[in-house]
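K.L.:
For reference, the structure I am asking about is given below.
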Amino acid sequence: MKRIVKNFLFFYKYLKLRIFVIIGLSILTGLLDGLGITMFLPLIESEGNFDDSKNQHTGDGALKLVFGLFSKVGFEMNLLNILILILIIIILKSIIIFINSVLRVSYLQFFTKKLRFQSIDLLSQLNFQHFVSFDSGVIQNSFSGEVSRVVSCFTEYVSMIQNVILAMIYVVFAYIINAEFALLILFGSVVFNFIYSFFFKRTKRLSSRLVMGNDSYQKLLLQLMSYYKYLKATSSIYKYTEYLKSEIRNIEIINKRQGVINSLIGAIREPLLYSVVISVIIIQVNVNHVPLSGIMISLILFYRGLGIVINIQTNYNSFLSFAGSLDKTQSLIEDLSKNKLQSGNKRFDQFKTQIEVNQLVYRYKNGKDVLCEISFNIQRNETIALVGESGSGKSTLVNLLSGLLTPTAGSISIDGIQINQYNTESLQSKIGYITQDPVIFDDTIFNNVTLWAEKNEKNLEKYEVALKQASIWDYFKDSEIRENTRLGNKGVRLSGGQIQRICIARELYKSVDFLFMDEATSALDSKTENIVKKNIEDLQGLVTIIIVAHRLSTIKHADKIIVMNKGKIEGIGKFDELIKSSELFRSMISLQELKSE
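And the structure:
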């Protein structure tokens, strides 16, 4: 019951009163069905003779009151009237069933949309620091396959609730006609629940294992696509695909076992049902000496009610087969909700004066310091370069400046206001970000550069200017489909340099105040690097540029270079100044000159 209530509250959160509409229609369906069956009672009792004297003795107790009410409203209990009434009840029941079915389809689609929308919204609002700890396979599987399984879980849950309601209605009608039958239905429910409990436990365990198997499969599939080039070039792809196949076989085994349990439940349904019905007939006829004709309506209600009880067991087992997915989705949503990025209320409109970094510290959860009390200023429209050996904290500093990470101690202020007081979305909308891991969507070049802007004359002109500034226009201008050229998964049809230039064009297309470039020219050849370097120089004084550079030749004209070493600042100055004042910087220059010879 605890699980049933918890899951009801989860579904109610998305469907609100809709779930009660389904339940209400189920109650109405059960009442009409029970009433339709009960209306056969006077036919059986009268044996076709509907004179007034016999008609007054139809049923007893509550049932007699029902037929007495018919008499008071002027309903004559004759064969034609009863048959017409039964037909009307059946037609009404069919209409209610149709409406219920249509609404269920509509509500299922609504539930699916709401669940996916919420998952996507929560992911977009997630703290970046928490995001990097996620297993990619878990996210991929939860947002695709698991959502479908949760919807199936909801379908079985609703069916189970509907059948519970129907069973209760049949028990009430059976009690009105014959109290012994009502008790027998309840006894049969207890017996069936005991028999089916073994299957429930097994199904629940298999459901949890299936979720883990699907997570692992999705993760391996994502990695296959991400590292396909390396795996193919080194012939490692065959070993990897064998590993992937082993996960597929594991999922197959679990699904087969679930299928066997579901098949077994279906196979024993009829034998169990008929065994109990036959036992009841024997008891009523031979022990209680009740004529078979006298228990016919009760027997029909009993059979229907017991069949519904078995359906409840079947629905519950199917529900449990998807319960692992439901639990996983609920857990993921709770986790995402708890780890939302904490955003300030002040809107960021424009960068006006300076960024102040004061005693900034960033520490991993294991206690290791990545940045140790660093301080510096960045003036508006300055070009700042961050250099240093791998692991010196350059990329972490960029992530802090862009609002992706939250400082452990110290502060970052923009125009005198701490960064955490700004609305994160408004601040980050003013940031251009080009990383050493290029972002290329499997879409057209126009959508890659403009991020799905409307294709009008103004945007096309702006798009063309951005491609020219990034020195990639010549590659696409002669293509027949030009801006509609598809780039493929991760830009598979392009060279590394072309990919990087498209990423640069994307940021040039945007109206930004800050441009972060994290090893942005690392994949470019010398000729293209010089062109991009020229483009960067042309942007100097127009936007605030922060460059994480490995190739020091690209930062010769930076307004300020910050030399980092093991999370600390070793020196700040212009290129020529640091050659004189920083031994580490001189060493880096010397090493790169050696490599170029």
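For the sequence shown, the numbering used here gives the first residue as 844, with consecutive numbering after it.
Here a beta-carbon is modelled for each residue, glycine too, at the ideal position from N, C-alpha and C.
In three-state terms, what does DSSP make of Met-1003?
P.N.:
Looking up residue 1003 in the sequence shown gives position 160. Here Met-1003 sits in helix by DSSP.
K.L.:
List the DSSP bridge partners of Gln-1222.
P.N.:
Residue 1222 sits at position 379 when you count from the first residue of the sequence shown. The partner list for Gln-1222 (beta bridge, DSSP) reads Gln-1197.
K.L.:
The beta strand (DSSP E) with Lys-1441 in it runs from where to where?
P.N.:
Because the chain in this structure spans residues 844 to 1440, residue 1441 falls outside the shown range and cannot be described.
K.L.:
One question on the structure: do Leu-1214 and Val-1391 come within less than 8 Å of each other, judged by their Cβ atoms?
P.N.:
Your numbering for residue 1214 matches position 371 in the sequence shown. Your numbering for residue 1391 matches position 548 in the sequence shown. No. Outside cutoff.
K.L.:
To the nearest angstrom, how far is the alpha carbon of Asp-1178 from that of Phe-1165?
P.N.:
Within the sequence shown, residue 1178 is the residue found at index 335, counting from 1. Within the sequence shown, residue 1165 is the residue found at index 322, counting from 1. Those two C-alpha atoms are separated by around 20 Å.
K.L.:
Tell me which residue opens and which closes the beta strand (DSSP E) that Phe-1191 is part of.
P.N.:
Numbered from 1 along the sequence shown, position 348 holds the residue referred to as residue 1191. Element bounds for Phe-1191: n/a, residue is neither H nor E.
K.L.:
Give me the Cα-Cα distance between Val-1123 and Tyr-1013, rounded to the nearest whole angstrom.
P.N.:
By one-based count along the sequence shown, residue 1123 stands at place 280. By one-based count along the sequence shown, residue 1013 stands at place 170. Answer to the nearest angstrom: the Cα atoms are 16 Å apart.
K.L.:
Whose CA, out of Met-882, Leu-965, Gly-1334 and Ile-865, lies closest to the CA of Ser-1002?
P.N.:
One-based indexing of the sequence shown puts residue 1002 at position 159. Ranking Met-882, Leu-965, Gly-1334 and Ile-865 by Cα distance to Ser-1002 puts Ile-865 first.
K.L.:
Given Phe-1219, which residues of its chain have a CB within under 7 Å of its CB, disregarding the five upstream and five downstream residues?
P.N.:
Numbered from 1 along the sequence shown, position 376 holds the residue referred to as residue 1219. Val-1200, Ile-1405, Ile-1412 and Ile-1415.
K.L.:
May I ask you to list the residues that DSSP assigns as paired with Tyr-1205?
P.N.:
For the purposes of this step, residue 1205 is taken as residue 362 along the sequence shown, with counting starting at 1. DSSP output for Tyr-1205 lists Leu-1214 as bridge partner(s).
K.L.:
When DSSP labels each residue in this structure, what does Leu-1247 get in the three-state scheme?
P.N.:
In the sequence shown, counting from the first residue as 1, residue 1247 sits at position 404. It is coil, neither helix nor strand.
K.L.:
Just how far apart, CA to CA, sit Val-945 and Ala-1309?
P.N.:
The sequence position of residue 945 within the sequence shown is 102, counting from 1. The sequence position of residue 1309 within the sequence shown is 466, counting from 1. Taking the straight line from one Cα to the other gives about 51 Å.
K.L.:
Can you tell me which of the three DSSP states Leu-1294 falls into?
P.N.:
The sequence position of residue 1294 within the sequence shown is 451, counting from 1. In the structure shown, Leu-1294 sits in coil (DSSP, three-state: anything other than H, G, I, E or B).
K.L.:
DSSP on Asn-898, reduced to helix/strand/coil?
P.N.:
For the purposes of this step, residue 898 is taken as the residue at position 55 of the sequence shown. For Asn-898, the predicted model reports a pLDDT of 45, less than 50, meaning its position is unreliable; a value from the coordinates is still stated below. Three-state DSSP puts Asn-898 in a helix.
K.L.:
Is the separation between the beta-carbon of Phe-1191 and that of Asn-1266 shorter than 8 Å?
P.N.:
As a first step, residue 1191 is located in the sequence shown; it is residue number 348 there, counting from the start. As a first step, residue 1266 is located in the sequence shown; it is residue number 423 there, counting from the start. For Phe-1191 and Asn-1266, yes; Cβs fall inside 8 Å.
K.L.:
Can you round the beta-carbon distance between Glu-815 and Phe-1357 to whole angstroms, since I take them to be within the 8 Å contact cut?
P.N.:
As displayed, the chain neither begins before 844 nor continues past 1440, which places residue 815 out of reach and without an answer.
K.L.:
Gly-877 and Phe-1016: beta carbons closer than 8 Å?
P.N.:
For the purposes of this step, residue 877 is taken as residue 34 along the sequence shown, with counting starting at 1. For the purposes of this step, residue 1016 is taken as residue 173 along the sequence shown, with counting starting at 1. It is a contact, given that the beta carbons lie within the stated cut-off.
K.L.:
Would you grab the beta carbon distance between Leu-1421 and Phe-1428 for me? Rounded to a whole angstrom, and I think it's under 8 Å.
P.N.:
Reading the sequence shown from its first residue, position 578 is the one you call residue 1421. Reading the sequence shown from its first residue, position 585 is the one you call residue 1428. Taking C-beta atoms under 8 Å as the contact rule, Leu-1421 and Phe-1428 qualify, at a distance of about 4 Å.
K.L.:
I need the straight-line Cα distance from Phe-1037 to Val-1120, nearest angstrom please.
P.N.:
Your numbering for residue 1037 matches position 194 in the sequence shown. Your numbering for residue 1120 matches position 277 in the sequence shown. Each residue's Cα considered, the two are about 18 Å apart.
K.L.:
Quick one: which unbroken alpha helix (DSSP H) runs of 4-plus residues sit fully inside the stretch 1259 to 1343? Chain order, please.
P.N.:
Complete alpha helix (DSSP H) runs here, min 4: 1267 to 1271, 1288 to 1293, 1300 to 1312 and 1316 to 1320.
K.L.:
Should the stretch 1125 to 1132 be called in touch with the stretch 985 to 1005, which here means at least 3 C-beta pairs below 8 Å?
P.N.:
no
K.L.:
Could you check what DSSP says for Gln-1383 in three-state terms: helix, strand or coil?
P.N.:
If you number the sequence shown from 1, residue 1383 lands on position 540. Three-state result, Gln-1383: strand.
K.L.:
Please state if the CB of Leu-1163 and the CB of Ser-1050 are separated by a distance shorter than 8 Å.
P.N.:
Your numbering for residue 1050 matches position 207 in the sequence shown. Your numbering for residue 1163 matches position 320 in the sequence shown. Cβ distance < 8 Å, so Ser-1050 and Leu-1163 count as in contact.
K.L.:
Can you pull the DSSP bridge partners for Asn-1408?
P.N.:
Taking the first residue of the sequence shown as position 1, residue 1408 is located at position 565. In the DSSP output, where bridge partners are listed per residue, Asn-1408 has Lys-1411.
K.L.:
Check this for me: beta carbons of Gly-1246 and Ile-1221, under 8 Å apart or not?
P.N.:
As a first step, residue 1246 must be located in the sequence shown, where it is residue number 403. As a first step, residue 1221 must be located in the sequence shown, where it is residue number 378. For Gly-1246 and Ile-1221, no; Cβs fall outside 8 Å.
K.L.:
Would a C-beta distance cut-off of 8 Å place Arg-1206 and Thr-1172 closer than the cut-off?
P.N.:
Taking the sequence shown and counting its residues from 1, the one referred to as residue 1206 is at position 363. Taking the sequence shown and counting its residues from 1, the one referred to as residue 1172 is at position 329. Their beta carbons are not under 8 Å apart, which means Arg-1206 does not touch Thr-1172 by this criterion.
K.L.:
Let me know if Ser-1180 comes out buried or exposed under the rule of 16 or more other beta-carbons within 10 Å of its beta-carbon.
P.N.:
By one-based count along the sequence shown, residue 1180 stands at place 337. A residue is called buried when at least 16 other Cβ atoms come within 10 angstroms of its Cβ; Ser-1180 does not meet this threshold and is exposed.
K.L.:
Count Cβ pairs between the stretch 936 to 943 and the stretch 975 to 983 that sit closer than 8 Å; are there 3 or more?
P.N.:
no
K.L.:
Considering only residues of the same chain and omitting the five flanking positions on each side of Gly-1334, which have a CB-CB separation below 6 Å?
P.N.:
Counted from its first residue, the sequence shown places residue 1334 at position 491. Same-chain partners within the cutoff: Ile-1283 and Ile-1342.
K.L.:
Look at the alpha carbon of Ile-1388 and the alpha carbon of Ile-963, and state the distance between them as a whole number of angstroms.
P.N.:
Numbered from 1 along the sequence shown, position 545 holds the residue referred to as residue 1388. Numbered from 1 along the sequence shown, position 120 holds the residue referred to as residue 963. If I take the Cα positions, the gap works out to 31 Å.
K.L.:
For Asn-1408, which residues from the same chain have a beta carbon less than 8 Å from its beta carbon, with the 5 sequence-adjacent residues on both sides left out?
P.N.:
Locating residue 1408 in the sequence shown gives position 565, where the first residue counts as 1. The residues are Gly-1231, Glu-1232, Ser-1235 and Leu-1427.
K.L.:
Using a threshold of 8 Å, state whether the C-beta atoms of Met-1055 and Asn-1332 are closer than that.
P.N.:
The residue labelled residue 1055 in the question sits at position 212 within the sequence shown. The residue labelled residue 1332 in the question sits at position 489 within the sequence shown. No; because the gap between Cβ atoms is not below 8 Å, this pair is not in contact.
K.L.:
How would you label Leu-922, buried or exposed, when you count the other beta carbons within 10 angstroms and need 16 or more for buried?
P.N.:
As a first step, residue 922 must be located in the sequence shown, where it is residue number 79. Its Cβ having fewer than 16 others within 10 Å, Leu-922 is exposed.
K.L.:
Using only alpha-carbon positions, find the residue among Asp-1212, Asp-1170 and Val-1292 that is nearest to Leu-1048.
P.N.:
In the sequence shown, counting from the first residue as 1, residue 1048 sits at position 205. The residue you asked about is not Leu; residue 1048 is Arg in the sequence shown. Nearest option by C-alpha distance: Asp-1170.
K.L.:
Could you tell me which residues DSSP puts in a beta bridge with Leu-969?
P.N.:
Locating residue 969 in the sequence shown gives position 126, counting from the first residue. Answer is Lys-1183.
K.L.:
To which residues does DSSP link Val-1230 through a beta bridge?
P.N.:
The residue given as residue 1230 occupies position 387 in the sequence shown. Partner(s): Val-1406.
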